[in-house]
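Written out below as structure tokens is the structure these notes cover.
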Amino acid sequence: MNIEQTVMEYLRKLPPDKQQEVLDFTQFLNQKMSLPKPDPNLTPEQKCANWLAWIDSHQSSNPPLTDESLEKFVEKSAEQNQQLTPEERTQNWLAFVETLPKQSANLPDEALHRDTMYD
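According to the UniProt record's numbering, the sequence shown is numbered sequentially starting from 1.
Set out below in structure tokens:
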């Protein structure tokens with residue numbers, strides 16, 4: 001049995017909500033693979049241009065949020081944050097901070113060192 005058949009066999013045994021999670025995860029992996037890979041030979045200008053081109057290519061599938069939807073998001077986030085204990089907020093913050101090095105690998109070098117850009 002190949003890997004595709006094995007995955008399908010397990011997938012069929014899952015309830016619909018878990019099947020959706022599998023789909024979401026595979027979509028995440030595909031999107032992650034489409035991220036631009038840093039090229040050490042590119043100039044800062046080329047890196048920035050590549051990054052902006054990648055962002056533009058994803059604008060159609062992820063239209064910009066309206067001011068109203070952003071306000072709702074901020075309000076909902078604040079409400080959820082108020083329901084957490086200080087310890088839970090700290091744990092959430094630490095979990096977020098742990099993802100930063102992984103995310104920053106996809107940014108142009110200049111975005112990571114803004115404090116030294118204007119020396």
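For every residue, glycine included, the Cβ atom is placed at its ideal position computed from N, Cα and C. As the structure is a computational prediction, the values presented were derived from the model and not from experiment.
Asked	Found
Output the distance between the C-alpha atoms of residue 30 and residue 85, rounded to the nearest integer angstrom.	35 Å
Given a cut-off of 8 Å on the beta-carbon distance, is the pair residue 150 and residue 5 in contact?	Lying outside 1 to 119, the shown extent of the chain, residue 150 is not represented and no answer is given.
Cβ of residue 14 within 8 Å of Cβ of residue 7?	no
Straight-line CA distance for residue 59 to residue 51?	13 Å
Let me know the secondary structure DSSP gives residue 27 once reduced to three states.	helix
With a threshold of 16 other CB atoms inside 10 Å of the CB of residue 76, please say whether the residue is buried or exposed.	exposed
Just how far apart, CA to CA, sit residue 70 and residue 64?	10 Å
Suppose you measure from the CA of residue 88 to the CA of residue 43; what does that come to, to the nearest Å?	42 Å
Over what stretch of residues does the alpha helix (DSSP H) that includes residue 44 continue unbroken?	44-59
How far does the alpha helix (DSSP H) with residue 2 in it reach, from first residue to last?	Element bounds for residue 2: n/a, residue is neither H nor E.
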